[in-house]
Amino acid sequence: AQSMLLLADGLASGALIAQYEQLYRKNPELTSLESKKPENQSKNRYRDISPYDVTRVILMGSSNGDYINANYVNMEIPGSGIINRYIATQGPLSSTVADFWQMVLEAGSTLVVMLTTLVERGRAKCHQYWPAYNETLTLRNLTLTSTAENVEDTFIFREFILRDINTGEERDITHMQYCSWPDHGVPSDWRQFTTFTERVRAARTGIVEPAVVHCSAGIGRTGVLVLMETALCLIEANQPVYPLDIVRSMRDQRAMMIQNASQYRFVCEAVHKAYSEGIAKPLPEFSR
Ligand code: PTR
Ligand code: PTR
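Numbering-wise, our numbering comes out as the position in the sequence shown, counting from 1, plus 1.
Quick look at the structure:
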C-alpha cells in the first residue's frame, strides 16, 4: 500500500534515516527525577538511561521503595481496537531481581521477553534473574519455579510459576529469550527476528496485561521489537505504517527507544520485506 511505497522510497533515498536522526532521543518536556534520587541511583544499570516520571512503573508492595527502571509503553493500533501494552525495562541487576518479579506480579504480566544474553564480549549485560530448570528461587515474598526450558534455534523458551507467598496466588509465566543480538547492533537475520516477533505476538494474543520486554538498557533492542510488533499489527489491520511516528510515540513513553540509525534501518527493512514477501498481510476482516 501507499505507506509501504513511502517506506521503500525513504529507505532508498536516505530520507527515512535523515528524519530519524532529527528526532529527539528524549522528550524535552518530560522529567526523570525519581531515577536521580540517592536511594534509587544504585537501581539503575546505566547512569545515562532513566525512566520518565510520568510513565514509570511504580511498585506498590515492595519493601525496597517504589522505584524500578521501567516504563509503561502502550502502542495503539488504530482501527483494530488493539492496544499492545508493554513494560520496557532494563536487564535486572542482582539487587533488583526481587523488584523485577514484584513488578511482574503487580502488573499481572504473564509474558517476559528478553533480548540480550547475560554476558556479551566479557561484560555483564543482565543478571540471571530466574532459577535453573526444575529449581525454585525465593525472593522476599515471592517464589519462582522453573518448569520448562526449550532451546529452538537461537531462541530459548522457558516456563515459570510465580507464587506470592503471602496470598498463595500463583501465575504461569512464559519467558522468551532471543540469544543472538548484541547491544547497539542488529540481528543477523531479519527472517529469524520476524519469526521471533511473530512468536511474541502469538504468545500475547488475548492478553491485555503488559508484556515485560527488556534487553540490557531496555531502550535499543527493546525499541526495535516494539516497533516491529507494532508495524506487523498495523499491516494486519490494514493501517498505514509510518515508522518515525511509531518511534516518536515510543520515545514519549520511554526515552531513547531504538538506539541508533542502523537499528532503525534494520527494522524498517524487515517491515518492508515482511510485507513484500506476504509474511505480514492485512487480515480479511480489516480489508476494505
Ligand atoms: N480500504 C482501505 C482504504 O483505502 O481506506 C485500504 C487501505 C488501508 C489503503 C490503508 C491504504 C492504507 O494505507 P497505506 O496505503 O498507507 O498502507
Ligand atoms: N551507557 C550505555 C551505553 O551507551 O553503552 C547504555 C546502553 C547500554 C544503551 C546498552 C543501550 C544499550 O543497548 P540495549 O538497550 O539494546 O540493551
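Heads up, the beta-carbon is just placed ideally off N, CA and C, and yes, glycines get one too.
Since this is a predicted model, take the numbers as computed values, not measurements.
query = DSSP state of Thr146, grouped into three classes?
reply = Strand at Thr146.
inquiry  = Output needed for Ile208: all residues of its chain with C-beta closer than 8 angstroms, excluding positions within five of it in sequence on either side, in chain order.
reply    = Cβ within range, chain order: Thr111 and Leu112.
Alpha carbon of Arg200 to alpha carbon of Leu235, nearest angstrom = Straight-line spacing of the CA atoms in Arg200 and Leu235 works out to 17 angstroms.
inquiry  = Just verifying my parser: in three-state terms, what is the DSSP assignment at Glu22?
reply    = Helix at Glu22.
request  = Give me the Cα-Cα distance between Thr90 and Ala212, rounded to the nearest whole angstrom.
outcome  = Each residue's Cα considered, the two are about 11 angstroms apart.
task = In the DSSP assignment, find the unbroken alpha helix (DSSP H) run with Met61 in it and report its ends.
result = Where Met61 is concerned, there is no enclosing alpha helix (DSSP H), given that its DSSP letter is neither H nor E.
key: Continuous alpha helix (DSSP H) assignments of at least 4 residues falling wholly in the region 75 to 116   = Qualifying alpha helix (DSSP H) stretches, in chain order: 98 to 108.
key: Buried/exposed call for Asp173, threshold 16 Cβ in 10 Å   = Residue burial is scored here from C-beta neighbours: Asp173 has fewer than 16 other C-beta atoms within 10 angstroms and is therefore classed as exposed.
ask   = So the alpha helix (DSSP H) His273 belongs to, where does it begin and stop?
value = Start and end: Ala262 to Ser277.
ask   = Is Tyr47 near ligand 2, judged by its Cβ being under 8 angstroms from some heavy atom?
value = Checking every heavy atom of ligand 2 against the Cβ of Tyr47, one is found closer than 8 angstroms.
ask   = Quick one: what's got a C-beta closer than 8 angstroms to Ser95's C-beta in the same chain, skipping five residues either side?
value = Shown here for Ser95: same chain residues with a beta carbon closer than 8 angstroms to its own, the five before and five after excluded, namely His128 in chain order.
task = Would you identify the three-state DSSP class for Gln193, choosing helix, strand or coil?
result = Correct three-state label for Gln193: helix.
key: the region 70 to 87 touching the region 224 to 244, judged by at least three CB pairs closer than 8 angstroms   = Touching, yes, given that three or more Cβ pairs across the two stretches are closer than 8 angstroms.
inquiry  = Within a Cβ cutoff of 6 angstroms, which residues of the same chain sit near Tyr265, ignoring the five residues on either side of it in sequence?
reply    = Once the five neighbours on either side are set aside, the close Cβ partners of Tyr265 are Tyr21 and Ile259.
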